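Protein chains in written order, with our numbering: chain A, 1 to 116; chain H, 117 to 233.
Shown next, in structure tokens, is the structure this report addresses.
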């Protein structure tokens, strides 16, 4: 069965510190991979995505993620967090098809708290 | 580009009434839209997949007679919560996939918070 796991429910880091949010997936083949961010009471914004090619992808707001096939992981990183990064982060894989109608499955999310 | 708008952003209704939430893709056509439900401090739970011109596909455990979905055009999908009860109170989020985009990427609305008294 297809699944996605975000092991960390809540992470607290100091402003200016580095950040890594973990995401592991279990799919029959490499899926497309996304990271979305959700601020309180808001919809979701796409941070970055991986389809193929370079395994290190750059996103908005200084975020990056690295796809590791051997570990079935797609961890999100940022070298130095800002207070405005406090939000909920969701990893979401989707099965690769030619039809474009596959559903996006979300991880449980990681809530990021930033302390001054 | 790729903006999705939901309306209303919040609604309060009495128990037993029906509420309609609209999801519009403003600058693209969307053959497929998805409706999610999110409880406080939880992840998004997919409710149904809405395809333009056909019946929605509901996830297991989602009552299709309770949550009516209509996708009458390439830019509009609606979710109607019928005979709403307090347990239907939640944050409902729609998303849309541009027609012809086969990369799986979705664009999300701002969400609609429903409170049933």
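Every residue, glycine too, gets a C-beta built ideally from N, C-alpha and C.
Quick caveat, the model's predicted, so the values are computed rather than measured.
Problem - Proximity test, Cβ basis, 9 angstroms: residue 117(A) and chain H - result: Beyond the ends of chain A as shown, which are 1 and 116, falls residue 117(A); an answer cannot be given.
Practice task
Identify which residue in 108(A), 46(A), 66(A) has its Cα closest to the Cα of residue 9(A).
Solution key: What you label residue 9(A) is simply residue 9 of the first chain in a count that begins at 1. Among 108(A), 46(A), 66(A), the Cα nearest to that of residue 9(A) is on 108(A).
Exercise for the section: Starting from residue 232(H), trace the beta strand (DSSP E) both ways and give me its first and last residue. Expected result: As a working mapping, residue 232(H) is identified with position 116 in the second chain. Residue 232(H) -> beta strand (DSSP E) spans 228-232.
Practice task
Measure the CB-CB distance between residue 220(H) and residue 43(A) and report whether it falls below 9 angstroms.
Solution key: Stepping through the second chain from its first residue, residue 220(H) is reached at position 104. Stepping through the first chain from its first residue, residue 43(A) is reached at position 43. Going by C-beta atoms, residue 220(H) is not nearer than 9 angstroms to residue 43(A).
Exercise for the section: For residue 171(H), name the three-state secondary structure that DSSP assigns. Expected result: Locating residue 171(H) in the second chain gives position 55, counting from the first residue. In the structure shown, residue 171(H) sits in coil (DSSP, three-state: anything other than H, G, I, E or B).
Exercise for the section: Using only alpha-carbon positions, find the residue among 195(H), 161(H), 130(H) that is nearest to residue 167(H). Expected result: Within the second chain, the letter at position 51 stands for residue 167(H). Ranking the options by Cα distance to residue 167(H), first place goes to 195(H).
Problem - Through-space distance from residue 120(H) to residue 182(H), alpha-carbon basis - result: Position 66 of the second chain, counted from the first residue, corresponds to residue 182(H). Position 4 of the second chain, counted from the first residue, corresponds to residue 120(H). Spanning the two alpha carbons is a distance of roughly 24 angstroms.
Exercise for the section: Classify residue 142(H) as buried or exposed, calling it buried when 16 or more other Cβ atoms lie within 10 Å of its own Cβ. Expected result: Position 26 of the second chain, counted from the first residue, corresponds to residue 142(H). When all chains shown are included, residue 142(H) counts as exposed.
Practice task
Could you tell me which residues DSSP pairs with residue 23(A) in its beta bridges?
Solution key: Against the first chain, residue 23(A) aligns to sequence position 23. Beta-bridge pairing links residue 23(A) to no other residue.
Practice task
Within 10 angstroms of the Cβ of residue 155(H), are there 16 or more other Cβ atoms? Answer buried if so, exposed if not.
Solution key: As a working mapping, residue 155(H) is identified with position 39 in the second chain. Exposed, because fewer than 16 other Cβ atoms sit within 10 Å of the Cβ of residue 155(H).
Exercise for the section: Mind checking who residue 161(H) pairs with in its DSSP beta bridge? Expected result: On the second chain, residue 161(H) is found 45 positions in, with the first residue counted as 1. According to DSSP, residue 161(H) bridges with 153(H).
Practice task
Pick helix, strand or coil for residue 158(A), following the three-state DSSP scheme.
Solution key: The displayed coordinates of chain A run from 1 to 116. Any statement about residue 158(A) would go beyond what the structure contains.
Problem - residue 66(A), DSSP secondary structure in three states - result: Locating residue 66(A) in the first chain gives position 66, where the first residue counts as 1. Residue 66(A) falls in the strand class under three-state DSSP.
Problem - chain H contact residues for residue 94(A), given Cβ-Cβ distances below 9 angstroms - result: Taking the first chain and counting its residues from 1, the one referred to as residue 94(A) is at position 94. Under the 9 angstroms cutoff, chain H gives 219, 220, 221, 222.
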